[in-house]
Amino acid sequence: MSEKDNIYQQQAAQPGDFVFDDRVVRVFPDMIERSVPAYGLGLRMLGLLARRFVQPDSRVYDLGCSLGAATQAMRQAVNQPGVRFVAVDNSPDMLARCRQLLDPADGLAPVEFVEQDICTVPIADASLTVLNFTLQFVDPAQRLALLRRVAEGTRPGGALLVSEKIRFEDPFEQELMTEVHHDFKRARGYSDLEIARKRSALERVLQPDTETQHFERLREAGWSRSLRWLQAVNFVSYLAIR
Ligand code: GEK
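Take any residue in the sequence shown, note its place counting from 1, add 817, and you have its number in this note's numbering.
The following block contains the structure:
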């Protein structure tokens, strides 16, 4: 059971840069559910996408897996034979908890846990790779190379799912979507102070791209088709096909 996220409630908490440490791990399910509109819907739909795109005897990568929610949604949906899941995260605390939560003896497809930077992890024989709200934390200068490496390690007909917080080119749209997102967080019980502190903690760590940047980079990285398949306010999910 996840604890309630009150990390930014205490007056003493001076936000440094946001890090995925043990304190975040303990509240993570509550934090992401109350911060990312349609996070749960995206996971439920991911199961359906996995059933469509995962190929027999291939690998499925969950890059920046956190507590393994996307891996688990896909494992529960996929019924193709010989599929192996690879769950990667560079936060030791996250991955340790992920290992505890995913039962390797649950009768579903096997999972390999890898504690590594997703920018260096080998990708091979993939039919589906998921970057569910992770690319936004990668150094912008490394994003293209990462997507290219994933493309090179993906079978023909395989897919990539990239969910991200995005930035809008139009200042009016950017401001409105930011406000609506803050309204969403307020409606889920976060105070104005918590919202402001989290925003400042994420400022240097989470660097959102525009939709144009996403589509152009996916094309340059070798993905033949890409499209937006889900959007809730400024949180968008793209599907790219090899
Ligand atoms: C979910 N996908 O629940 N290498 C490896 N892991 C990284 C890197 C990196 N370079 N940068 C960040 N991470 C999950 C949610 S959370 C999204 C993903 C959020 C990891 C980081 O440690 C964290 O666990 C995850 O990416 C981002 O479907 O907190 O907004």
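All C-beta atoms, glycine included, are put in the ideal place defined by N, C-alpha and C.
All values derive from a computational prediction rather than experimental measurement.
Below 7 Å CB to CB, which residues in the same chain sit around residue i once its five sequence neighbours on both sides are set aside?
{"i": "residue 916", "result": "930"}
{"i": "residue 984", "result": "991, 1025, 1026 and 1027"}
{"i": "residue 968", "result": "1038, 1039, 1040 and 1059"}
{"i": "residue 775", "result": "Beyond the ends of the chain as shown, which are 818 and 1059, falls residue 775; an answer cannot be given."}
Taking the alpha-carbon positions, what's the residue i to residue j distance?
{"i": "residue 900", "j": "residue 892", "result": "9 Å"}
{"i": "residue 843", "j": "residue 819", "result": "6 Å"}
{"i": "residue 944", "j": "residue 1058", "result": "10 Å"}
{"i": "residue 1022", "j": "residue 952", "result": "11 Å"}
{"i": "residue 999", "j": "residue 974", "result": "38 Å"}
{"i": "residue 881", "j": "residue 873", "result": "23 Å"}
{"i": "residue 845", "j": "residue 852", "result": "10 Å"}
{"i": "residue 1046", "j": "residue 981", "result": "12 Å"}
{"i": "residue 890", "j": "residue 937", "result": "25 Å"}
{"i": "residue 861", "j": "residue 849", "result": "15 Å"}
{"i": "residue 920", "j": "residue 910", "result": "17 Å"}
{"i": "residue 1012", "j": "residue 841", "result": "16 Å"}
{"i": "residue 865", "j": "residue 935", "result": "25 Å"}
Buried or exposed: residue i, going by 16 or more other Cβ atoms within 10 Å of its Cβ?
{"i": "residue 971", "result": "buried"}
{"i": "residue 1041", "result": "exposed"}
{"i": "residue 868", "result": "exposed"}
{"i": "residue 1060", "result": "Since the first residue of the chain shown is 818 and the last is 1059, residue 1060 is not available in this structure."}
{"i": "residue 1008", "result": "exposed"}
{"i": "residue 958", "result": "exposed"}
{"i": "residue 933", "result": "exposed"}
{"i": "residue 989", "result": "exposed"}
{"i": "residue 1034", "result": "buried"}
{"i": "residue 997", "result": "exposed"}
{"i": "residue 839", "result": "exposed"}
What distance in whole Å lies between the Cβ atoms of residue j and residue i, which are believed to be in contact at a cut-off of 8 Å?
{"i": "residue 1054", "j": "residue 885", "result": "The pair is not a contact, with the Cβ atoms about 18 Å apart (cut-off 8 Å)."}
{"i": "residue 878", "j": "residue 947", "result": "7 Å"}
{"i": "residue 926", "j": "residue 895", "result": "6 Å"}
{"i": "residue 1017", "j": "residue 942", "result": "Between residue 942 and residue 1017 the Cβ distance is about 42 Å, and since that is not below 8 Å, they are no contact."}
{"i": "residue 963", "j": "residue 955", "result": "6 Å"}
For residue i, collect the residues of the same chain with a Cβ closer than 6 Å to its Cβ; drop the 5 residues on either side in sequence, then sort them by chain order.
{"i": "residue 986", "result": "1027"}
{"i": "residue 1019", "result": "835"}
{"i": "residue 978", "result": "947 and 1056"}
Could you pull out every residue in the same chain whose Cβ sits closer than 8 Å to the Cβ of residue i, ignoring the five residues on either side in sequence?
{"i": "residue 939", "result": "970"}
{"i": "residue 1036", "result": "1043"}
{"i": "residue 1001", "result": "854 and 1050"}
Bridge partners of residue i, per DSSP?
{"i": "residue 1043", "result": "1057"}
{"i": "residue 980", "result": "949 and 1054"}
{"i": "residue 876", "result": "901 and 943"}
{"i": "residue 971", "result": "943"}
{"i": "residue 870", "result": "For residue 870, which the question treats as bridged, DSSP gives no partner whatsoever."}
Examine ligand 3 and report whether any of its heavy atoms sits within less than 8 Å of the Cβ of residue i.
{"i": "residue 891", "result": "Only ligand 1 can be found as ligands here, which leaves ligand 3 out of the picture."}
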